[in-house]
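FYI, the numbering for the sequence shown is 18 to 278, going by the working numbering. Glycine is no exception: its CB is placed at the ideal position from the N, C-alpha and C atoms.
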Amino acid sequence: MKKESKYALVTALKNYPSPPVDQQKLQETVKEAAEVLRQAQASRRTSFGEFYMTQLRFISWKVWAVQLLIVLGMGLLLHNSLQEQVRNVQLVMLTSIAAPLLVIAGIQTLTRSLSCHMLEIELSTRHLLEKLTLVRMSLLGMADLIGLALLAVLMSAWMQMEIAVILLYLLAPFNLTCFGCLWLLNRVRTPNCGYYCLIYGALVALMQTVLAFNPSHWLFESSAIGVWQALMMLTAAGIAFEVRGVRKTCRSLETASKMLV
18 MKKESKYALV
28 TALKNYPSPP
38 VDQQKLQETV
48 KEAAEVLRQA
58 QASRRTSFGE
68 FYMTQLRFIS
78 WKVWAVQLLI
88 VLGMGLLLHN
98 SLQEQVRNVQ
108 LVMLTSIAAP
118 LLVIAGIQTL
128 TRSLSCHMLE
138 IELSTRHLLE
148 KLTLVRMSLL
158 GMADLIGLAL
168 LAVLMSAWMQ
178 MEIAVILLYL
188 LAPFNLTCFG
198 CLWLLNRVRT
208 PNCGYYCLIY
218 GALVALMQTV
228 LAFNPSHWLF
238 ESSAIGVWQA
248 LMMLTAAGIA
258 FEVRGVRKTC
268 RSLETASKML
278 V
C-alpha cells in the first residue's frame, strides 16, 4: 500500500498542470538579475589608489614610527661622527646598517598571517592573498627606499661624495637582507618564520658593524665598484625570483583553503 500510494503521489505531481512560461518575461528577469549582480560587484570594487590606502592603514603606525626613528637616528649619528672627524669608510659602513634595520622593522607585517595565526582571516577577504601580500611588500619597500635615499642625500651633502656611489653602498646590503628574508619565507612555512628573518637581518647588521670598526678599505676603493654592482644585480635577480616564489606560496595557500571548505 505504501509503495502504491507513493507511486500515485509522484505520478500526480508529475501530471500537475503548470502555468505556461512567458519566454520574453523569463529573459527579462534573467537580464535584470544579471544587471543587479553587476551593480553589486561594481559597488564592492575599490580603485587602485583606494586599495593602496587601505593597506597603508592596515600596517601598524608603530612600524612607520620605528622606520622613522631608524632614519633620524642614523642621520644624527652621521652628523655627530662628522664633527668627530671619523673616516668616510666607517661612516659609510655605519650608515649602511640602516638597510637591514629598516627591513627588520617591517618583516613582521609580512609574516603576520603565519606568526599570528591570521591566515584564515586573510583568506576570508574578497581580495586575493597574493594581491594583499604584494601590496604590503611594495609599501614597506618604498618606505625603506625613501629612508635610504634621504640618508644618501645627507651623506652626499656632508661628505662630498657622489650620491650614486652612496646609494650603491646602501642598496647592496638592503637587497641582500631582502633576498635572505624572502628566501626564508618561501622555505620556512612555520609560525616562527618571522623570527628567523629577524635573526638573519640582525646577522647582516652585525656583520656591517664589525666591518665598520674594522674597515676593509679595498671594499670602498674605485676598483671595487664592480664588486658592489655585481652584488646588487645578483641580489636584485634573487629578489625577483623569490617574489615569484611568494606569489606561488600565496596561491597554494588559497587553493588549499578552498579545498578544505
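Using the rule of at least 16 other Cβ atoms within 10 Å of the residue's Cβ for burial, across every protein chain shown, is residue i buried or exposed?
i    : result
L220 : exposed
V244 : exposed
A1   : In the structure as shown, the chain begins at 18 and stops at 278. Residue 1 is therefore absent and cannot be evaluated.
Among the options, whose alpha-carbon lies nearest the alpha-carbon of residue i?
i    : options                   : result
L93  : L111, I76, V106 and R129  : L111
I114 : M224, W245, N231 and G158 : M224
V227 : F75, I121 and V106        : V106
C210 : L251, Q246 and R129       : R129
So residue i packs on residue j, CB below 8 Å; how close in whole Å?
i    : j    : result
T194 : A116 : 6 Å
M154 : L127 : 6 Å
F196 : G255 : 4 Å
N203 : V263 : 6 Å
L184 : L95  : That belief does not hold up - the Cβ atoms of L184 and L95 are roughly 15 Å apart, past 8 Å.
Would the beta-carbon of residue i fall within 7 Å of that of residue j?
i    : j    : result
A189 : L236 : no
Q84  : A160 : yes
G164 : V88  : yes
V109 : Y186 : yes
Whole angstroms are fine: how far does the CA of residue j sit from the CA of residue i?
i    : j    : result
A241 : S173 : 19 Å
E147 : S269 : 10 Å
Q125 : M176 : 34 Å
M70  : V182 : 33 Å
A166 : T46  : 59 Å
V80  : L162 : 15 Å
F258 : Q100 : 43 Å
L149 : N231 : 42 Å
Y217 : C198 : 7 Å
K265 : C214 : 19 Å
L201 : Y212 : 10 Å
E67  : L168 : 30 Å
E238 : A229 : 15 Å
L156 : I76  : 9 Å
E137 : S98  : Low confidence applies here, because E137 scores a pLDDT of 45, under 50, leaving its location unreliable and the question unanswered by this model.
A51  : Q44  : 11 Å
E179 : T207 : 43 Å
G123 : R74  : 14 Å
G90  : W78  : 18 Å
T28  : Q40  : 27 Å
I121 : C267 : 21 Å
L140 : V205 : Any answer about L140 is weak, because its pLDDT of 46 lies below 50 and its placement is not dependable; what the coordinates show is given next. L140 and V205: Cα-Cα distance of roughly 20 Å.
L251 : L86  : 30 Å
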